[in-house]
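According to the working numbering, the residues represented by the sequence shown are 173 to 320, in order.
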Amino acid sequence: MAGKPKVVVMQACRVGQPVIEVQQRESSPPQELSALRVSQQEAETATGQRNFDVDDLLILYSCFENCTGMLFGHHGSLVIRTLVKTLYRHACHRDLDNLFHVVKGRVRRITGKLRERRPELYVTQTPIVMNTLTRDRKLYLFPEFHGI
173 MAGKPKVVVM QACRVGQPVI EVQQRESSPP QELSALRVSQ QEAETATGQR
223 NFDVDDLLIL YSCFENCTGM LFGHHGSLVI RTLVKTLYRH ACHRDLDNLF
273 HVVKGRVRRI TGKLRERRPE LYVTQTPIVM NTLTRDRKLY LFPEFHGI
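This is the structure we're talking about:
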């Protein structure tokens, strides 16, 4: 998998860890990327392999750290449902990074409307997109495929 782009979709609540405030310079990598690099270094020392590539990732997290994601009974996760609907409609003519940002906007809009109606039950959920793809790489699913 070295040299190949990786796509990760994380549907999980990101609570349970104590909040640690760290001052970072603007040029430093995000905490999630730093954690991936630490995991990479640990894996390298444990296995002796050094061909992991954490600089070629496209990750969609369902929510911010220390936030919860919305699940709707039998219908499941709002992020996954929105992602599937968006991929079904637009995967033939948009790249995955663009689609992940579309999902982010739609989930924010839907949860914002739910929060307006019932603020005691809902919070505005904001998915996070992390893109470390090299050389402005674009990833497509079935380009120019328009179904049967």
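Even for Gly, the Cβ is constructed at its ideal location relative to N, Cα and C.
TODO: Assuming threonine 258 and leucine 271 form a contact by the criterion Cβ under 8 Å, report the distance between their Cβ atoms to the nearest whole angstrom.
DONE: Position 86 of the sequence shown holds residue 258. Position 99 of the sequence shown holds residue 271. With 8 Å as the limit, threonine 258 and leucine 271 qualify as a contact, their Cβ atoms being about 5 Å apart.
TODO: On a CA-only basis, which of Arg307, Gly284, Val301, Ile300 is nearest tyrosine 294? Give me that one, please.
DONE: What you label residue 294 is simply residue 122 of the sequence shown in a count that begins at 1. Nearest of Arg307, Gly284, Val301, Ile300 to tyrosine 294, Cα basis: Gly284.
Open item on the list: Please give the ranges of any alpha helix (DSSP H) in the stretch 231 to 274, keeping only runs that are unbroken, at least 4 residues long and fully inside the region.
Closed with: 250 to 262
- [ ] Count the other C-beta atoms from every protein chain shown that fall within 10 angstroms of the C-beta of valine 251, then say buried if there are 16 or more, exposed otherwise.
- [x] To locate residue 251, count along the sequence shown from 1; it is residue 79. Looking at its Cβ environment, which holds 16 or more other Cβ atoms inside 10 Å, valine 251 is buried.
TODO: Rank Lys176, Ala184, Cys264 by C-alpha distance to the C-alpha of proline 299 and give the top, closest one.
DONE: On the sequence shown, position 127 is the one that residue 299 refers to. The candidate whose alpha carbon is nearest that of proline 299 is Ala184.
TODO: Return the first residue and the last residue of the beta strand (DSSP E) that lysine 178 is part of.
DONE: Taking the sequence shown and counting its residues from 1, one reaches residue 178 at position 6. Lysine 178 -> beta strand (DSSP E) spans 178 to 182.
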